[in-house]
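*Asks:* Sharing a structure here in structure tokens format.
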DNA sequence: GGCTTGACGCTTA
DNA sequence: GTAAGCGCCAAGC
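In this note's numbering, the protein residues as written are -5 to 101.
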């Protein structure tokens, strides 16, 4: 998980994620585009998956293009993520979808 | 060094 | 409007 030789790509993803202001959310594609590869959405997701909690990175503000939270495996993580976003002022739809039109943030 | 998997995105049916 | 397939980058085996 924690690699001393953290790839530059990871650091970029973390940096962009930390740039997200409170009450705003972004998508993997946006992060990938900022990094220089719009189609690297998968790599971005993979990087966030390895997001070290030591850095206190708001990975919860990064969601997919649909505005919904994926993961699926542990239902605890998305639950906490949704809770954090709602606590920050992000409104969630009853289906668990975020209104990207209002909360979508891009650099 | 090559193949497969993975928090996705976009296009086509 | 919903469903399925292809493509991208990066890491793991």
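Glycine included, every Cβ here is placed at the ideal spot set by N, Cα and C.
For residue 98 and residue 46, what's the separation of their Cα atoms in angstroms?
*Replies:* In this structure, the straight-line span from the alpha carbon of residue 98 to that of residue 46 is close to 24 Å.
*Asks:* Hey, would you say residue 21 sits closer than 8 Å to residue 52, going by beta carbons?
*Replies:* no
*Asks:* Three-state secondary structure (DSSP) at residue 24?
*Replies:* helix
*Asks:* Can you name, in chain order, every residue of its own chain whose Cβ lies under 6 Å from the Cβ of residue 94, other than the five neighbours on each side?
*Replies:* 61
*Asks:* For residue 100, collect the residues of the same chain with a Cβ closer than 6 Å to its Cβ; drop the 5 residues on either side in sequence, then sort them by chain order.
*Replies:* 24
*Asks:* Quick check: the Cα distance between residue 87 and residue 80, rounded to an integer number of angstroms?
*Replies:* 11 Å
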